[in-house]
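In UniProt numbering, the protein residues as written are 1 to 386. Just so you know, even glycine gets a beta-carbon here, dropped at the ideal spot from N, CA and C. Have a look at the structure below, then the notes.
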């Protein structure tokens with residue numbers, strides 16, 4: 001019994017040389033599977049639809065291409081200190097009013113590239129471009145990007161996955177963005193679609209920069225106009241208060257018969273202002289009348305403290321002209337080119353994987369076949385052995 005157990009334990013051990021002998025004995029399984037794997041891989045490579053991939057690269061524009069945004073009017077900093085009298089402070093003291101304004105619009109090469117990068121990577125840009133392609137009567141392209149077997153959402157999702165990006169990221173000093181695009185069996189279409197997408201995205205980016213520029217300038221003009229209105233309101237209030245004071249003083253002068261200015265040095269304290277009624281009724285009423293007539297004069301604004309500075313800034317902003325034809329927000333460092341060979345399938349890799357897979361399957365099949373044959377021989381020698 002001990003001898004049988006020892007024999008059984010010996011039989012359960014795996015001997016590497018026995019495995020090699022088993023594979024050598026059933027070599028046709030290995031060779032056959034290897035050839036079958038290679039044949040299947042070759043068949044797949046020959047029948048699979050090729051998929052072409054092309055890429056384009058954008059980078060920062062040269063600083064000279066953004067010179068229109070360096071003009072003095074766009075880098076304006078308005079600092080205004082005006083002294084006006086508050087209507088409610090009874091004219092006791094003048095209250096200084098300080099107004100400051102930061103630069104209207106600043107755009108450097110780094111900011112322009114970052115903005116373009118965001119637009120090109122945006123899914124909304126790709127969705128809009130996809131809808132644009134669908135609206136074009138291109139019978140050759142439409143079947144490659146839209147399948148009737150899929151829903152609209154599935155077709156869109158499939159189109160979005162055709163894009164990939166090699167992006168340095170916001171914190172990287174590398175200022176290159178590579179956009180890759182994959183399409184079906186037409187290499188020229190892949191190239192043309194990617195170039196069209198780059199152009200579409202950069203046009204959209206330029207429109208956004210224009211809109212932001214116009215909004216900021218418009219907001220700045222509205223702010224300046226608010227200052228103009230405030231200065232004028234303060235001036236009108238002060239003018240009305242001054243007219244009322246003059247008329248009141250004129251009534252006092254009339255009641256005491258003071259027609260002309262009269263100053264008695266005995267009644268005037270040194271360095272103090274004499275009472276207003278001492279100017280005389282005629283002078284007081286004449287000054288009040290002149291103040292009323294200012295409203296009909298187009299040059300009244302020259303009497304408004306601080307207004308001329310703000311109006312000059314408004315004129316400067318309104319005179320801003322940006323020649324967008326001379327502006328390059330980013331540079332297309334490398335447009336999409338015609339690919340020399342399809343990105344998929346990778347023929348050598350597929351054949352190599354087919355050979356490896358066939359060899360592994362053949363090796364396993366040879367070992368199983370040898371083990372099965374050995375099991376059958378054992379049963380023939382010992383029918384009662386299980």
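Measuring alpha carbon to alpha carbon, tell me which residue in the options is nearest residue i.
| i | options | result |
| --- | --- | --- |
| residue 159 | 228, 331, 147 | 147 |
| residue 337 | 36, 42, 182 | 182 |
| residue 140 | 296, 190, 20, 161 | 190 |
| residue 280 | 249, 309, 298 | 249 |
| residue 339 | 120, 151, 187 | 187 |
| residue 331 | 194, 283, 20, 177 | 177 |
| residue 44 | 347, 150, 372, 257 | 347 |
| residue 70 | 287, 351, 327, 372 | 327 |
| residue 157 | 195, 179, 123 | 123 |
| residue 309 | 228, 377, 193, 52 | 228 |
| residue 109 | 142, 152, 65 | 65 |
| residue 51 | 342, 198, 67 | 342 |
| residue 355 | 161, 41, 56 | 41 |
| residue 322 | 125, 167, 210, 126 | 210 |
| residue 138 | 193, 150, 276, 155 | 193 |
| residue 288 | 154, 32, 242 | 242 |
| residue 402 | 277, 380, 259 | Examination of residue 402 is not possible in this model, given that the chain is present from 1 through 386 alone. |
| residue 225 | 345, 283, 297, 306 | 306 |
| residue 21 | 373, 378, 379, 380 | 373 |
| residue 285 | 261, 376, 107 | 261 |
| residue 311 | 153, 223, 126 | 223 |
Taking 8 Å as the limit between beta carbons, can you name the residues of its chain near residue i, skipping five residues before and five after?
| i | result |
| --- | --- |
| residue 233 | none |
| residue 49 | 184, 185 |
| residue 198 | 56, 58, 120, 179, 332, 335, 336 |
What are the start and end residues of the alpha helix (DSSP H) that includes residue i?
| i | result |
| --- | --- |
| residue 110 | 109-121 |
| residue 163 | Run containing residue 163: none in the alpha helix (DSSP H); it sits in the beta strand (DSSP E), 163-166. |
| residue 281 | 281-293 |
| residue 154 | 152-160 |
| residue 315 | 307-318 |
| residue 145 | 142-145 |
Exposed or buried, which one is residue i when buried takes at least 16 other CB atoms within 10 Å?
| i | result |
| --- | --- |
| residue 136 | exposed |
| residue 10 | Residue placement at residue 10 is poorly supported in this model, since its pLDDT is 49, which falls under 50; the coordinates are not used for a value here. |
| residue 319 | exposed |
| residue 46 | exposed |
| residue 145 | buried |
| residue 303 | exposed |
| residue 324 | exposed |
| residue 257 | exposed |
| residue 53 | buried |
| residue 313 | buried |
| residue 220 | buried |
| residue 150 | exposed |
| residue 378 | exposed |
| residue 231 | buried |
| residue 67 | exposed |
| residue 246 | buried |
| residue 386 | Because the pLDDT of residue 386 is 49, which lies under 50, any placement of that residue in the model is unreliable, and the question is left without a value. |
| residue 370 | buried |
Take residue i and list the residues in its own chain whose beta-carbon comes closer than 6 Å to its own, dropping the five residues that flank it on each side.
| i | result |
| --- | --- |
| residue 89 | Legend: pLDDT at residue 89 = 38, less than 50; position of this residue unreliable, value from coordinates given subsequently. Taken in chain order, the list of residues that qualify is empty. |
| residue 366 | 23, 26, 29, 30 |
| residue 439 | The structure shown does not extend to residue 439, since the chain spans only 1 to 386, so no value can be given for it. |
| residue 254 | 281 |
| residue 129 | 197, 200 |
| residue 175 | 59, 60, 113 |
| residue 387 | In this structure the chain extends from 1 to 386, so residue 387 is not present and cannot be described. |
| residue 380 | none |
What residues in its chain sit with their C-beta under 7 Å from that of residue i, if we drop five residues either side in the sequence?
| i | result |
| --- | --- |
| residue 131 | none |
| residue 116 | 58, 202, 205, 329, 330 |
| residue 133 | 141, 145 |
| residue 162 | 181, 182, 183 |
So residue i is in the beta strand (DSSP E); what residue range does that whole segment cover?
| i | result |
| --- | --- |
| residue 192 | Premise fails: residue 192 lies in the alpha helix (DSSP H), 187-255, not in any beta strand (DSSP E). |
| residue 177 | 176-183 |
| residue 55 | 52-60 |
| residue 322 | First-last for residue 322: undefined, no H or E at that position. |
| residue 330 | 330-334 |
The stretch 353-367 in contact with the stretch 21-40 per 3-pair CB rule at 8 Å: Yes: the two stretches touch, three or more of their Cβ pairs being nearer than 8 Å.
Counting beta carbon pairs with one atom in the stretch 194-214 and one in the stretch 292-302, are three or more of them shorter than 8 Å? Not touching, per the Cβ criterion.
Three or more C-beta pairs under 8 Å: does that hold for the stretch 52-60 against the stretch 310-318? No, the stretch 52-60 is not in contact with the stretch 310-318.
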